[in-house]
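Student: Numbering of the sequence shown is given in the numbering used here, commencing with residue 152 and proceeding in unit increments.
Glycine included, each C-beta is placed from N, C-alpha and C at the ideal position.
Predicted model only: the values in this text are computed from it and were never measured.
The structure under discussion is supplied below as structure tokens; questions concerning it will follow.
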Amino acid sequence: MGSAIYMLSFFAIGLMVAQGFGTSTPSHIEWSARLLFVFAVLPGIFLAIKAARPHWSLALRPPNSDRLRAKQVSLALCLLAPLLYSAFLDALGLPLYGRFLWDYIFALPVLLLLLPAFVRWSDQRLPEPEDGYASLGRVILGRQHWSWSQNKPLLLAWSVKTLFIPVMYGSLQIMLVELLLLRPSLNPGVLVVWSYTFGLTFDLLIATIGYLCTSRLLATDVRSTDDTWSGWLVCMICYPPLWVVLRTIREQADTMTWEQWLSPDQPLYWIWAALIVFSWGLYWLSTASFGVRFSNLTYRGLIAHGPYRYTKHPSYIGKNIYWWLHTVPFVGVVGFGDLARNLLGLGFVSLIYYLRAKTEERHLSKFPEYRAYSEWIEENGVWARCRRWLVALKPKAS
152 MGSAIYMLSF
162 FAIGLMVAQG
172 FGTSTPSHIE
182 WSARLLFVFA
192 VLPGIFLAIK
202 AARPHWSLAL
212 RPPNSDRLRA
222 KQVSLALCLL
232 APLLYSAFLD
242 ALGLPLYGRF
252 LWDYIFALPV
262 LLLLLPAFVR
272 WSDQRLPEPE
282 DGYASLGRVI
292 LGRQHWSWSQ
302 NKPLLLAWSV
312 KTLFIPVMYG
322 SLQIMLVELL
332 LLRPSLNPGV
342 LVVWSYTFGL
352 TFDLLIATIG
362 YLCTSRLLAT
372 DVRSTDDTWS
382 GWLVCMICYP
392 PLWVVLRTIR
402 EQADTMTWEQ
412 WLSPDQPLYW
422 IWAALIVFSW
432 GLYWLSTASF
442 GVRFSNLTYR
452 GLIAHGPYRY
462 TKHPSYIGKN
472 IYWWLHTVPF
482 VGVVGFGDLA
492 RNLLGLGFVS
502 LIYYLRAKTE
512 ERHLSKFPEY
522 RAYSEWIEEN
532 GVWARCRRWL
542 VALKPKAS
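Pasting the structure below:
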């Protein structure tokens with residue numbers, strides 16, 4: 152959470168500076184968005200380095216040319232994977248991936264140029280230099296036989312990065328541009344739109360830096376990746392390009408939302424608005440709790456603070472509360488068929504997130520610290536407290 156607070160502070164400062172200088176042209180806005188991204192993520196990376204540095208090897212080992220060469224080859228190929236994936240989806244007409252693709256085309260040559268020096272520098276400081284990169288590199292160079300069990304962890308971890316970095320970065324750039332074009336105002340309508348855009352942009356910022364900063368040097372490495380088809384399916388259907396399936400099923404028979412249903416002169420309007428703001432805050436605080444360790448489908452260390460101190464899967468709870476409250480599926484319908492369409496559509500989305508929660512628990516339960524956390528939540532979480540409170544309210548038999 153500490154790194155998220157620092158990134159939030161720098162993000163807010165950078166936003167004010169960028170808007171202070173003005174956003175006169177589309178190209179100016181695009182470059183301001185990129186600079187704002189870099190300015191906001193640097194504090195998170197700095198804090199991660201500061202926290203991980205005591206665990207680096209104090210005695211610099213002599214370089215091993217065989218291992219260095221193997222790591223360079225495997226890491227270079229891994230860096231090419233997001234380029235090929237985003238180029239393929241951009242060619243299919245998904246502009247979200249094009250935003251990442253063109254920025255990455257310019258960044259990749261720099262990364263490849265710095266790669267040998269980085270590999271040598273990190274190899275000397277890692278407590279255990281023999282890793283998945285060295286193993287995969289030796290296989291590629293023909294110095295070692297292929298072993299799925301040995302190379303599986305690295306390939307799965309990079310599959311996650313390849314799938315999610317383009318969509319998170321592309322979405323972030325879109326939201327940064329929208330945010331730069333907005334100006335906060337005391338007008339309630341404008342303030343709501345600005346607050347929602349700011350929160351969603353920061354949420355994407357945390358997610359993007361989480362996928363980018365996966366490294367043993369930062370103690371943010373992937374300890375395990377879900378290797379089940381069911382876990383991957385229920386996760387990937389919530390993101391592009393498969394998101395179109397879920398969006399089609401979720402689509403409502405009407406277009407009415409809660410602010411069209413209620414008006415500010417009704418007390419229920421403000422109660423509804425407060426619940427929606429609560430759902431936003433729960434979702435965004437849940438993402439911020441991960442800091443630079445955010446990632447789907449992987450385990451990178453236990454998160455038991457922030458909203459996770461009170462319940463498992465708070466981000467999924469927040470998302471679903473928002474969708475149901477914002478959409479009001481029971482309002483604006485003209486018949487039972489429309490009502491059933493709305494309820495079944497949103498119900499299917501909630502089912503997907505329930506299945507995501509269960510597949511994640513199945514994966515994370517391999518780790519004793521998560522099992523202990525899960526047991527603690529069952530006894531001390533917010534739902535356990537509510538159950539005890541309801542039991543206490545029941546009248547005692549005479």
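With 16 other CB atoms within 10 Å as the buried threshold, where does serine 446 fall?
Tutor: Classification of serine 446: buried, given that the 10 Å Cβ count is 16 or more.
Student: Given asparagine 493, which residues of its chain have a CB within under 8 Å of its CB, disregarding the five upstream and five downstream residues?
Tutor: Contacts found: Gln403, Ala404, Asp405, Thr478, Pro480, Phe481 and Val484.
Student: Can you name, in chain order, every residue of its own chain whose Cβ lies under 8 Å from the Cβ of isoleucine 196, other than the five neighbours on each side?
Tutor: Once the five neighbours on either side are set aside, the close Cβ partners of isoleucine 196 are Ile360, Cys364, Leu369 and Val443.
Student: If we call anything under 8 Å between Cβ atoms a contact, is alanine 439 one with alanine 227?
Tutor: Against a cut-off of 8 Å, the Cβ pair of alanine 227 and alanine 439 comes out as no contact.
Student: If the criterion is Cβ atoms closer than 8 Å, does the pair glycine 288 and lysine 222 meet it?
Tutor: Yes, the Cβ-Cβ distance between glycine 288 and lysine 222 is below 8 Å.
Student: Counting Cβ pairs, one atom from each stretch, are 3 or more of them under 8 Å apart for the segment 373–387 and the segment 335–355?
Tutor: Contact between the segment 373–387 and the segment 335–355 is absent, because fewer than three Cβ pairs lie under 8 Å.
Student: At the level of alpha carbons, what is the spacing between tryptophan 394 and tyrosine 248?
Tutor: Taking the straight line from one Cα to the other gives about 14 Å.
Student: Which runs of the alpha helix (DSSP H) spanning at least 4 residues fall entirely within the segment 156–204, listed in chain order?
Tutor: Qualifying alpha helix (DSSP H) stretches, in chain order: 177–203.
Student: Below 6 Å CB to CB, which residues in the same chain sit around alanine 425 once its five sequence neighbours on both sides are set aside?
Tutor: The answer is none, since no qualifying residue turns up.
Student: Terminal residues of the continuous alpha helix (DSSP H) containing glutamate 520?
Tutor: Note, glutamate 520: alpha helix (DSSP H), 519–531.
Student: For the putative contact between isoleucine 400 and phenylalanine 499, defined by C-beta atoms under 8 Å, what is the C-beta separation to the nearest angstrom?
Tutor: Going by Cβ atoms, the distance from isoleucine 400 to phenylalanine 499 rounds to 5 Å, so yes, they are a contact pair.
Student: Which same chain residues end up closer than 6 Å to valine 290 when comparing Cβ atoms and leaving out the 5 residues on each side of it in sequence?
Tutor: These residues qualify, in order along the chain: Trp297.
Student: From which residue to which residue does the alpha helix (DSSP H) around phenylalanine 418 run?
Tutor: The amino acid occupying residue 418 in the given sequence is proline; phenylalanine does not appear at that position. Run containing proline 418: 418–441, per the alpha helix (DSSP H) assignment.
Student: Quick check for students: name the residue ranges of the beta strand (DSSP E) that lie wholly in the segment 257–285, counting only runs of 3 or more.
Tutor: Those beta strand (DSSP E) runs which fall completely within the segment 257–285 and span 3+ residues do not exist here.
Student: Considering only residues of the same chain and omitting the five flanking positions on each side of leucine 211, which have a CB-CB separation below 6 Å?
Tutor: Once the five neighbours on either side are set aside, the close Cβ partners of leucine 211 are Gln275.
Student: From the DSSP output, in three-state form, read off tyrosine 390 for me.
Tutor: In the structure shown, tyrosine 390 sits in coil (DSSP, three-state: anything other than H, G, I, E or B).
Student: Beta-carbon within less than 7 Å of methionine 326's beta-carbon, same chain only, minus the 5 sequence neighbours each way: which residues are those?
Tutor: Counting only Cβ-Cβ distances below 7 Å, and skipping sequence neighbours, we find Thr348, Leu351, Thr352 and Leu355.
Student: Between valine 385 and leucine 506, how many whole angstroms is the CB-CB distance? I'm expecting something under 8 Å.
Tutor: With 8 Å as the limit, valine 385 and leucine 506 qualify as a contact, their Cβ atoms being about 4 Å apart.
Student: How close, in whole Å, do the beta carbons of tyrosine 461 and valine 533 come, if the pair is a contact with beta carbons under 8 Å?
Tutor: So it is a contact: roughly 4 Å between Cβ atoms.
Student: Can you name the residues that DSSP bridges to threonine 376?
Tutor: For threonine 376, which the question treats as bridged, DSSP gives the partners Thr449.
Student: Going by beta-carbon coordinates alone, are alanine 169 and leucine 187 separated by less than 8 Å?
Tutor: Yes; because the gap between Cβ atoms is below 8 Å, this pair is in contact.
Student: My assumption, with CB atoms under 8 Å, is that tryptophan 435 sits in contact with tryptophan 423. Please give the rounded CB distance.
Tutor: Actually they are not in contact, since the Cβ atoms of tryptophan 435 and tryptophan 423 sit about 19 Å apart, beyond 8 Å.
Student: Does the segment 200–214 come close enough to the segment 177–191 that 3 or more CB-CB pairs lie under 8 Å?
Tutor: Touching, no, given that fewer than three Cβ pairs across the two stretches are closer than 8 Å.
Student: If you measure between the beta carbons of serine 301 and serine 322, is that distance less than 8 Å?
Tutor: Strictly speaking, residue 301 in this sequence is glutamine, with serine absent from that position. In this structure, serine 322 does not lie closer than 8 Å to glutamine 301 by Cβ.
Student: Beta-carbon separation of phenylalanine 518 and tyrosine 467 under 8 Å?
Tutor: No, Cβ-Cβ distance for phenylalanine 518 and tyrosine 467 is not below 8 Å.
Student: To the nearest angstrom, report how far apart tryptophan 380 and glutamate 512 are at their CA atoms.
Tutor: If you take the alpha carbons of tryptophan 380 and glutamate 512, they lie about 15 Å apart.
Student: Does the separation of the CB atoms of tyrosine 320 and phenylalanine 251 fall below 8 Å?
Tutor: Yes, these two residues count as a Cβ contact at 8 Å.
Student: Taking only three categories from DSSP, how would you classify tyrosine 461?
Tutor: Three-state result, tyrosine 461: coil.
Student: What separation, rounded to the nearest whole angstrom, lies between the Cα atoms of serine 310 and proline 391?
Tutor: Roughly 15 Å between the two C-alpha positions.
Student: Could you tell me whether the Cβ atoms of arginine 575 and proline 335 are closer together than 8 Å?
Tutor: Outside the shown range of the chain (152 to 549) lies residue 575, about which nothing can therefore be said.
Student: Rounded to whole angstroms, what is the Cα-Cα separation between phenylalanine 429 and isoleucine 472?
Tutor: Roughly 9 Å separates the two Cα atoms.
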